[in-house]
Amino acid sequence: MWAATALILNATFAIAQDRVMEAKASFIFNGQKIEITREATGTSGDVARFVSEDASCGGSCVFPMEVAPGVATLGELEVLDFLVGQVAANQGLMIDARSPADRAAGFIPGTVNLPHHTLDADNSFRADILTALGARAFEGVYNFADARQLLIYDNGPSNDDAGRLVRNLLEAGYPAEMIQYYRGGMQAWSVLGFSIQEGTS
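For the sequence shown, the numbering used here begins at 328 and goes up steadily by one.
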């Protein structure tokens with residue numbers, strides 16, 4: 328369903344005086360070379376397109392740093408490391424938990440779209456999706472030993488689409504230690520000026 332070539336072209340994390348000065352990544356995903364840099368300068372217009380109000384709390388939410396017990400929260404350098412180390416090696420997936428309409432505004436290159444509601448317990452395709460993620464079912468019980476490592480994101484701290492997807496995965500039995508969370512989401516990504524891909528890919 329999703330494939331990445333295990334060819335790692337380049338990943339650079341230059342550190343000087345205990346500060347990260349440069350962060351960029353280059354890898355192959357679905358047969359295409361993906362380049363992520365910080366050459367763009369985030370503007371208020373860039374950020375505004377990713378500000379979302381979560382209706383679950385009247386639109387004034389800020390969600391906690393920890394999305395669920397046992398699920399690690401990552402920053403941008405760890406996200407780049409995951410893309411180069413896990414996604415490019417076809418061992419992990421970085422998942423955008425937003426709706427396709429929200430994703431069309433822009434997304435992190437090298438990620439796939441899996442809206443949070445597709446793993447609701449009442450979705451008749453839930454078993455197929457879990458199987459595509461590497462789970463194996465036997466008499467209604469899932470074995471996740473061969474499942475992919477997942478890194479999940481959404482628009483950012485004011486949005487809970489990633490949280491909902493994480494809770495759906497955990498409820499289905501996906502091990503917490505195989506799930507990671509990028510809380511900064513598109514808001515932090517765009518503020519930092521990282522590469523953003525537009526469209527519905």
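A virtual CB, placed ideally from N, CA and C, is assigned to each residue, including glycine.
Residue i, buried or exposed, once every other Cβ within 10 Å from all chains shown has been counted against 16
{"i": "Phe-465", "result": "exposed"}
{"i": "Leu-404", "result": "exposed"}
{"i": "Gln-507", "result": "buried"}
{"i": "Tyr-509", "result": "buried"}
{"i": "Gly-526", "result": "exposed"}
{"i": "Ala-399", "result": "exposed"}
{"i": "Asn-470", "result": "exposed"}
{"i": "Pro-427", "result": "exposed"}
{"i": "Asn-495", "result": "buried"}
{"i": "Val-468", "result": "exposed"}
{"i": "Ala-472", "result": "exposed"}
Nearest neighbour of residue i, chosen from the options [CA to CA]
{"i": "Gln-524", "options": "Arg-425, Ala-350, Pro-427 and Ala-431", "result": "Ala-431"}
{"i": "Phe-452", "options": "Ala-499, Gly-512 and Glu-362", "result": "Ala-499"}
{"i": "Glu-366", "options": "Val-378, Ala-350, Phe-409 and Ile-479", "result": "Ala-350"}
{"i": "Ser-485", "options": "Pro-442, Asp-408, Met-513 and Phe-521", "result": "Met-513"}
{"i": "Leu-601", "options": "Leu-492, Phe-434 and Met-392", "result": "Past the edges of the chain, shown from 328 to 528, lies residue 601, and the structure says nothing about it."}
{"i": "Glu-393", "options": "Pro-442, Gly-511 and Gly-358", "result": "Gly-511"}
{"i": "Gly-358", "options": "Leu-497, Ala-416 and Gly-483", "result": "Ala-416"}
{"i": "Gly-490", "options": "Thr-364, Pro-442 and Ala-462", "result": "Pro-442"}
{"i": "Ile-435", "options": "Phe-377, Tyr-501, Leu-497 and Arg-463", "result": "Phe-377"}
{"i": "Pro-502", "options": "Ala-352, Thr-364, Gly-397 and Pro-391", "result": "Gly-397"}
C-alpha gap between residue i and residue j, whole angstroms
{"i": "Asp-447", "j": "Asn-440", "result": "15 angstroms"}
{"i": "His-444", "j": "Gly-433", "result": "20 angstroms"}
{"i": "Ala-424", "j": "Ala-515", "result": "16 angstroms"}
{"i": "Lys-360", "j": "Phe-354", "result": "6 angstroms"}
{"i": "Phe-409", "j": "Val-389", "result": "25 angstroms"}
{"i": "Leu-460", "j": "Val-411", "result": "19 angstroms"}
{"i": "Gln-413", "j": "Leu-420", "result": "7 angstroms"}
{"i": "Gln-418", "j": "Asn-450", "result": "26 angstroms"}
{"i": "Asp-487", "j": "Asp-481", "result": "7 angstroms"}
Beta-carbon separation (whole angstroms), residue i vs residue j, contact threshold 8 angstroms
{"i": "Met-505", "j": "Ala-474", "result": "6 angstroms"}
{"i": "Ser-522", "j": "Glu-362", "result": "7 angstroms"}
{"i": "Leu-478", "j": "Ile-422", "result": "7 angstroms"}
{"i": "Ala-352", "j": "Leu-407", "result": "4 angstroms"}
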